[in-house]
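Beneath this line is the structure, given in structure tokens, with notes to follow.
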Amino acid sequence: MKIVNIDGVQCVVLEEGEKIYITTPNKVNQSKIEIKGESEKLDILGNSSIVNAIRGEGMLEKVCISPAILSSEEIIKKCDLWLDMFKQVHDAFKKLVLMDKYREKQVTMELSFPIFPKITDRDDKGRRIRLNLKQYSKTLNEGVTISIDEANEDVYSYLVASALDYYVSQNLKGQQIDMMDFNSILYSNKKHKRGTPVPMLARLGSLTESPKYREIVTKILINHNVGESSEQLIANLRNKISNQQISDRMDSDINNSSVQYKLILETLNPKKLQ
């Protein structure tokens, strides 16, 4: 850090990682602004109580507004809205992939739980739930997707348990899952012609690699094997959801899923598939 004179003005020059704090006489023990050197630019962090105005070309574009804190009830309502769409799209896709013409074209329904990376310092990494139609490992028809930041793992746990339990209950009835030989992919119990793929599958590798989510997967599969419901597990996870900040990704994905949901149900018209 150094102080230089530029055109008669004293300027503080911050190197990478260096930071200073500034405040006002009446806020010395209450609030301050942090300025940090970052990638040859400056990161500014502070509380609005000390700021009178922000001016300058393009300055407002740099402002990051923290998402509001939502109540657990609001969050659960959003989750259940998405889960309802997930179940209906699942049922519509399932009827499709069991039809002969889709079997012949090797179309499958795939449930997956991918991780999304942190791209910039302003981003959070997290996890998704996706339900799509696939053909030769390529997405043929997008179904529904939801993305949850890593900081909201209690929300993701509830969504994972609910979605996976529905998949298992609908696609593995009467089938015992060999827990010793389980390789992170759950295939449906529907018979298929030789040379064609299993019509429904769930990829759980990203879940089983995490101790927290592996425990949820294991409990659901064991409950299935012994003929017990996982409703208590799901209720417990729902009750653990606390008031918290939720990124815009969740609302964006719910809105996109709603568009896909309407298109899928209008286009496929499940009544014609029965």
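Following this note's numbering, the numbering of the sequence shown begins with 857 at its first residue and continues without gaps. For each residue, glycine too, the CB sits at the ideal point set by N, CA and C. Predicted, not measured: the structure shown is a model, and the values here were computed from it.
Only residues of its own chain outside the window of five on either side were considered, and among them Ala1017, Leu1020, Asp1021, Val1024, Ser1086, Leu1089 have a CB closer than 8 Å to the CB of Ile1076, listed in chain order.
DSSP, read as helix, strand or coil, puts Thr964 in strand. Nearest Cα to Glu929 within the set Asn1095, Asn1111, Val953, Ile1120: Asn1095.
In terms of Cβ geometry, Leu1060 and Leu1042 form a close pair [threshold 8 Å]. Around Thr879, the same chain offers Lys888 as residues with beta carbons nearer than 6 Å, after the five sequence neighbours per side are excluded. The straight-line gap separating the alpha-carbon atoms of Lys858 and Val869 is approximately 5 Å. In the three-state DSSP reduction, Lys950 falls in the helix class (H, G or I).
Residue nearest to Pro1055 within the set Asn1027, Asn1081, Val907, Leu898 is Asn1027 (criterion: CA-CA distance). Of all alpha-carbon atoms in Lys1118, Ile1120, Leu1121, Ser1114, the one lying nearest the alpha-carbon of Asp936 is that of Ser1114. DSSP places Asn1079 in the helix class (H, G or I) of the three-state scheme. Excluding sequence positions up to five before and after Val1073, its CB lies within less than 7 Å of the CB of Leu1020, Leu1060, Leu1063, Thr1064, all in the same chain and listed in chain order.
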